[in-house]
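J.:
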Amino acid sequence: MNRREWILIAGAFAITVLAGILTVFQANAVLIFVISGGALAFLAALVGLATDRLGAQLGSGATGVLQSALGNLPELFVGIFALRAGLTNVVQAALVGSILGNSLFVLGLAFFVGGLRWGTQRFTSETPRVIATLTLLAVAALAVPTLVHNLHTPAAGHEEGLSIACAVILLVVFVASIPVSLRGGPTKLPKEPVVQVHAWSIRLATVVLVGAGIGSAFVSDWFVAALTPAIDFLHISAAFTGLVIVALAGNAVENVVGIQFAARNQSDYAISVILNSSLQVALGLTPVLVLLSLFIGGAHLTLVLAPLLVAALGLAAILSTVITYDGESTWLEGLTLIGLYGIIAVSFWWG
Amino acid sequence: MNRREWILIAGAFAITVLAGILTVFQANAVLIFVISGGALAFLAALVGLATDRLGAQLGSGATGVLQSALGNLPELFVGIFALRAGLTNVVQAALVGSILGNSLFVLGLAFFVGGLRWGTQRFTSETPRVIATLTLLAVAALAVPTLVHNLHTPAAGHEEGLSIACAVILLVVFVASIPVSLRGGPTKLPKEPVVQVHAWSIRLATVVLVGAGIGSAFVSDWFVAALTPAIDFLHISAAFTGLVIVALAGNAVENVVGIQFAARNQSDYAISVILNSSLQVALGLTPVLVLLSLFIGGAHLTLVLAPLLVAALGLAAILSTVITYDGESTWLEGLTLIGLYGIIAVSFWWG
Amino acid sequence: MNRREWILIAGAFAITVLAGILTVFQANAVLIFVISGGALAFLAALVGLATDRLGAQLGSGATGVLQSALGNLPELFVGIFALRAGLTNVVQAALVGSILGNSLFVLGLAFFVGGLRWGTQRFTSETPRVIATLTLLAVAALAVPTLVHNLHTPAAGHEEGLSIACAVILLVVFVASIPVSLRGGPTKLPKEPVVQVHAWSIRLATVVLVGAGIGSAFVSDWFVAALTPAIDFLHISAAFTGLVIVALAGNAVENVVGIQFAARNQSDYAISVILNSSLQVALGLTPVLVLLSLFIGGAHLTLVLAPLLVAALGLAAILSTVITYDGESTWLEGLTLIGLYGIIAVSFWWG
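Protein chains in written order, with our numbering: chain G, 1 to 351; chain L, 352 to 702; chain F, 703 to 1053.
This is the structure in C-alpha cells:
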C-alpha cells in the first residue's frame, strides 16, 4: 500500500466519522447532506480501489466480475435506503441522472478537454458501439413500461409485473455481457498504461472492501435522511436533486479519472471508464433495485418513470451513439454533449 | 422436381385438406387455428419455392419482381379475410409483429447462433443500411398518422386520406427499390452458394403457384374464422396473438432459412433473407392492404396504430440499425435484439 | 461585377419595387404574397452574393463569420415582422419547414438527381456527421420545452425561461462551431471548384449588402401583411403555408445551388451548402428569434412547438443521419428522403 492509498483510506474514514458525528448531533441537514455526499464519493473510490487490488490477486477475469458486482455498491445502498424512505422519484431520477451524467456531461467534458489539447482524438469504436447497443436496450426497458402506463394500454395495471420482466431481461443481458468484457471484447484496450502497483494481500483488500461497504451502508442512511430536509431548505426540486446532485456525487471519482484519461490522450480508457459506469447503472443497478425493492420493505420500484426522463435518456442515447460510433471525437462534439446535458438539467430545475 | 420438393408439395396438400376437413366438421377452434396456421406456413414455403423455380425459367430479374409481388401472398390473404371480418387490430398487430419478429427475434437468433459458433461475423453492410433507411421511412409512415390521430392535430378526421397518401408514397418507394434489388444493389451477395436445382417447367411452376395461391386463400379464410374463438378459449390478448403468434407463423420458413444461413456463417444471405422479409411487409404488404381495404368490404385499414406498436417499431428500427450498420455481428448483439423483442412481447401479453 | 451579377441586382431591385407598388395600391393579397415572396428569394440571393464578395476582400475567415451572421437576413426580417403580427405558429412552422425542406426535400432531390446521373456518389462524411450531431442538439432543444409543456411537468409555466436557456445553449454551441467551419473542419472541401471572380470593392459590396438588407426589411413587412389574407383566400392551413411555402421560398437559391452541385457530382459542396443552410436556421436563426422576440414587441417566441413538428424533426434528423453517415448516397436514398418530406407535408395539409 502506498502513500496515496493510505491518504484515501484515512480520508474516507475521517469524513465518514465526521458525517456520523454530524448526524448524531442533529446538525443542519444541508451540512449533513453535503458531508455525507462527500463521504459517499470517498467510499465509492475506496470500494473501487479495493476491488481492483483484490482482483489483481485473483486474476484479470475476476476483476471484471468483481467490478461489475461491487462497482456501484454505495449507489446500491443509497438506492435501498431511499426506497425504504419512499423516495421512489429521487431514486429514479438519480438512476437516470447517473446515466445522463456519465454519457453526456462527463463524456462531453472528456471530449472537450481532450479535444482542446490534442485535436481530433481517435479510439477503438468497438467499445462504445457495444455499450450504445446495450444502452438502447436499457432505454427501451424504461420506455416500454412508461408508455404502457401513460398510454393506458391494456397492460396498464400490470406495470409491476412488466417492470419485473424487463428487469430480468436486462439482468440476463448484463450477466451475459460480463464474459465479453472479460475476454476483452468491448473493453479490450489497445495499450494498457503500465502502473507500478504495490500489491495488496487478499486479506487486506477484503478487509478494506468490507469496511468500505459497511461504511457506505451507514453513510447512505444518513445521506438519505438528510435529503428531504436539505431539499426543502434549499428550495431545489427533488427531481433536480436526484438527476444532477445525487448522480454527480455518486460518480465523482470515475468522472475525474475518465476526464484525466482523456486529457492524457488515452481516449480508449476514458471512454471505457465513463461509458461502462453508465452501463452498469442502466443494465445492472437499475434492474437489481427493481427486484430488491420487492423484498426490502418501503416503496416498490417500477420502471414507470416520468416520461420526460425517458425522453431525455432516448435523446442522450441517440446523440452519444452518433458521436462515438465513428471512433473519433472533437471538442465541439464534447461541447454538444454538455449542451444537451444542460438543456435536460434546466428542464428539471423548476420544482 | 426432387424428392424434398415432392414432400413439401404433398405435405402442404395434406395439411391443407386436413384444415379444410376440420373446418367443415366444426372441430375445436384452437385445433383449426393451429392446423390452418401450420398449413399457411407450408403454403408460404410452397409459394416461395414455386416463385423461385418460375423465376429460374424467366431470368434473375423476373425472380426479384415475382418474389416482391408474391412472396407475402399467404399473409396478404390472411390480411384480406381478417379485414373483412373487422379484425383491424389483429391485422395491424400482425403486420407490426411480422416486422418486429424478423428484425428483432429472427435476426437476433441468427446473430446469436452464428456468433456462438463463429465468433464475430462480418457481412456487407450495404444491404442492411439500405433496408434500415427504407424501414425508417415505413416507421415514419406509421408514426405520422398515429400521431395526427392521438395528438388531435388539425388533420385529425382525415386519417384515412392521410393513410392513403402515406401508403402511396411507401409503394412508390417500394416499387422504385425493386430494380435496385435486381441490379444486385442491396441484395448483392458476394458468394452465391451453388445449389444444384432440378429445373421446373414454366407450366409446372405456374400450376404449383396457382394451386398454392388458391390453397392459401381458402386456409386464410378458415384461419381467420377460427382466430377469435381460439383467442377467447386460450385467454390470450388479440394484440399478443397478432403480434407474436400470427406473425411468427406467417414467417416460419424464412425464419428457419435465415437462421440456417447464419449457422453456416453465410451472414450476407441470412441478413438479406431476414431483413428483406421484414421490409416487404413494411413497405409492400402494409400499404397494399391499406389500399385494398377500400375495395374489399369490411373494415378500412388505416395507418393509425396503437401508439405502443409505433414506439416498439421505432425502438426496433433504431436498435437494429445501430447493430447492423457496422457490418459486424456478435452473439451479444443477437441477445440484445432478442431481449428487446422479449420486452415488447411481454408488454402486449396482458389483454 | 459581371453581367450575371448586374442582372441579379437589377432583377432584385425591379421585383422589390413591384412588390412595393402592389402593396401601396392594395392589390390582391395573393398577388402581393407571390411577388414579395419572389422578391425575398432574389434579395436572399443578393445578400449571399454581397456577403461572399465582401468576404473575398476580408479573407476566408471573415467570409465564414459573415455568412453565418448574415446568411439568413431575409428570413430574420420575415420572422421579426411575423412575430410582431402575432403569427407565432407561422414562424415556428417556417423555421421547422426550413430545416425539413433542406435536410429532406432538397438533400433528397440532390441525391436523387446526382444518383440517377452518377450512380453511387461518395463524399467526406465528416461534414454531415458534425452537422448531424449539432442538428440532434437543436432537435433536443425544441423537444424538451415542447415535452415540458405537453406533459405538464413541474417546469410547465416556465416555458419561456426554459426556452431562453435552451436558446442561449444553442447559440453558444453555434458560435463555438463557427471557428471549426473556418478552420475547414466540417466544411473542409477537398477540391474547390475554381471560379474566376470579378473582384468587388469593399465599398460596392457593403452598399449592395446594406441595400439588399433594407430591401429585405421592407419586403418582409409586405410579405407578412399579405400572408393572412392570402391564406384565407387560398384555403391553405397556416401550418402548411409556413412549413412548405414560406420555407421553400426562403431557401430557393441555396436549394438550386445545392442541387446543381450534386448534378455536377460535387457531392461535398452540395451537402455542405444544403446542410449548413439547415443548420444555420436550427442553431442560429431559431435561438436569435427567441431572444429577439423579448424586445421587439408582439408575441414572444418560445421553443414550445406543435408536438407533430418536433416528431417530424426527430424523424428527419434520424433518417438523414443514417443516410449520410456512411459518406455515400444513392438515388434511392434521395427518393426515401423526399418520401419522408411528402409524408410530413401531407400531414399538415388539412387545416
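For every residue, glycine included, the Cβ atom is placed at its ideal position computed from N, Cα and C.
Predicted model only: the values in this text are computed from it and were never measured.
In chain order, what residues of the region 127 to 156 of chain G put their CB closer than 9 Å to some CB of chain L?
T.: Flagged, chain order: Arg129, Val130, Ala132, Thr133, Leu134, Leu136, Leu137, Val139, Ala140, Ala141, Ala143, Val144, Pro145, Leu147, Val148, Leu151, Thr153, Pro154, Ala155 and Ala156.
J.: Could you tell me whether the Cβ atoms of Trp331(G) and Gly97(G) are closer together than 9 Å?
T.: It is not a contact, given that the beta carbons lie outside the stated cut-off.
J.: Considering only their Cβ atoms, is the gap separating Gly512(L) from Trp1052(F) smaller than 9 Å?
T.: Yes; because the gap between Cβ atoms is below 9 Å, this pair is in contact.
J.: Give me the Cβ distance between Gly430(L) and Val416(L), rounded to the nearest whole Å; I'm assuming they're in contact under 8 Å.
T.: Not really, about 21 Å apart at Cβ, beyond 8 Å.
J.: Less than 9 Å between CB atoms is the rule here; does Ile669(L) satisfy it with respect to chain F?
T.: So yes, Ile669(L) belongs to the interface.
J.: Pro847(F) and Thr1004(F) look like a contact to me (Cβ under 8 Å); what is the Cβ gap, rounded to whole Å?
T.: With 8 Å as the limit, Pro847(F) and Thr1004(F) qualify as a contact, their Cβ atoms being about 6 Å apart.
J.: In chain F, which residues lie with their C-beta within 8 Å of the C-beta of Asp232(G)?
T.: Per Cβ cutoff of 8 Å: no residues; Asp232(G) is ~15 Å from chain F at best.
J.: So if I threshold CB-CB distances at 8 Å, which residues from the region 325 to 351 of chain G count as touching chain F?
T.: Taking 8 Å as the Cβ-Cβ cut-off against chain F, the residues of the region 325 to 351 of chain G that qualify are Tyr325, Asp326, Thr330, Leu332, Glu333, Leu335, Thr336, Gly339, Leu340, Gly342, Ile343, Ile344, Val346, Ser347, Phe348, Trp349, Trp350 and Gly351.
J.: Does the beta carbon of Gly284(G) sit closer than 9 Å to a beta carbon anywhere in chain L?
T.: For Gly284(G), the answer is no, since every Cβ of chain L falls outside 9 Å of its Cβ.
J.: Go through its chain and collect everything with a Cβ distance to Gln631(L)'s Cβ below 6 Å, but skip five positions before and after it.
T.: Within the same chain, Gln631(L) has close Cβ partners Gly422 and Asn423.
J.: May I ask whether a heavy atom of the ligand ATP can be found less than 8 Å away from the beta carbon of Leu1015(F)?
T.: Annotation note on the ligand ATP: not contained in the displayed structure, which lists no ligands.
J.: So who's on the other strand from Ser1031(F), going by DSSP bridges?
T.: Looking at the DSSP assignment, Ser1031(F) forms a beta bridge with Gln823(F).
J.: Given Thr153(G), which residues of its chain have a CB within under 8 Å of its CB, disregarding the five upstream and five downstream residues?
T.: Same-chain partners within the cutoff: Leu147.
J.: Identify the contact partners of His509(L) in chain F, using a Cβ-Cβ distance below 7 Å as the criterion.
T.: Per Cβ cutoff of 7 Å: Trp1052.
J.: With DSSP as the reference, label Thr837(F) as helix, strand or coil.
T.: Three-state DSSP puts Thr837(F) in a helix.
J.: Where do the ends of the alpha helix (DSSP H) carrying Gly781(F) lie?
T.: Here the alpha helix (DSSP H) through Gly781(F) covers Leu775 to Arg786.
J.: Any idea what DSSP makes of Arg615(L), helix, strand or coil?
T.: Residue state, collapsed to three classes: coil.
J.: Check whether the region 818 to 834 of chain F touches the region 1019 to 1036 of chain F, counting contact only when three or more Cβ pairs, one atom from each stretch, lie closer than 8 Å.
T.: Touching, yes, given that three or more Cβ pairs across the two stretches are closer than 8 Å.
J.: Could you compute how far the alpha carbon of Arg786(F) sits from the alpha carbon of Gly952(F)?
T.: Answer to the nearest angstrom: the Cα atoms are 19 Å apart.
J.: Check whether the Cβ atoms of Leu309(G) and Leu234(G) sit closer than 9 Å, and answer yes or no.
T.: No, these two residues do not count as a Cβ contact at 9 Å.
J.: Closest by CA to Leu137(G), which one among Pro287(G), Ile296(G) and Gly297(G)?
T.: Comparing Cα-Cα distances from Leu137(G) to each of Pro287(G), Ile296(G) and Gly297(G), the minimum goes to Pro287(G).
J.: Output the distance between the C-alpha atoms of Leu369(L) and Gly609(L), rounded to the nearest integer angstrom.
T.: If you take the alpha carbons of Leu369(L) and Gly609(L), they lie about 28 Å apart.
J.: In the DSSP assignment, find the unbroken alpha helix (DSSP H) run with Val808(F) in it and report its ends.
T.: Run containing Val808(F): none; DSSP gives neither H nor E here.
J.: Pick helix, strand or coil for Asn276(G), following the three-state DSSP scheme.
T.: DSSP places Asn276(G) in helix when its eight states are reduced to three.
J.: Since Ala401(L) is in the alpha helix (DSSP H), which residue starts that stretch and which ends it?
T.: Taken as a continuous stretch (DSSP letters only), the alpha helix (DSSP H) holding Ala401(L) covers Ala380 to Leu409.
J.: Compute the distance between the beta-carbons of Leu751(F) and Val910(F), then report whether it is under 9 Å.
T.: It is a contact, given that the beta carbons lie within the stated cut-off.
J.: So is Gly882(F) in contact with chain G if we call contact Cβ pairs under 9 Å?
T.: For clarity, residue 882(F) is Val in the given sequence; the question names Gly instead. With 9 Å as the cut-off, Val882(F) counts as an interface residue toward chain G.
J.: Which of the three DSSP states is assigned to His851(F) in this structure?
T.: His851(F) falls in the helix class under three-state DSSP.
J.: Within the 9 Å Cβ cut-off, does Ser571(L) reach chain G?
T.: Answer no: the Cβ-Cβ gap between Ser571(L) and chain G never drops below 9 Å.
J.: What residues of chain G sit near Ser588(L), judged by a beta carbon separation below 7 Å?
T.: Pro154, listed in chain order.
J.: Closer than 9 Å by beta-carbon distance: list the chain G residues that pair up with Leu864(F), in chain order.
T.: Neighbours of Leu864(F) on chain G, chain order: Ile343, Val346, Ser347, Trp349 and Trp350.
J.: With distances taken from CA atoms, which of Arg404(L), Leu643(L), Val641(L) and Leu455(L) is nearest Ala550(L)?
T.: Closest by alpha carbon: Arg404(L).
J.: If you reduce the DSSP assignment to three classes, tell me which class Leu645(L) lands in.
T.: Coil at Leu645(L), not helix or strand.
J.: Considering only residues of the region 193 to 272 of chain G, which uninterrupted alpha helix (DSSP H) runs meet the minimum length of 4 residues and lie entirely inside it, listed in chain order?
T.: The region 193 to 272 of chain G contains these whole alpha helix (DSSP H) runs: 202 to 234, 247 to 250 and 252 to 263.
J.: Please list, in chain order, all residues of the same chain as Ser293(G) whose beta carbon is under 6 Å from its beta carbon, the five residues on each side excluded.
T.: The residues are Leu83, His300 and Leu301.
J.: Indicate the three-state DSSP secondary structure (helix, strand or coil) for Asn2(G) in the structure shown.
T.: It is coil, neither helix nor strand.
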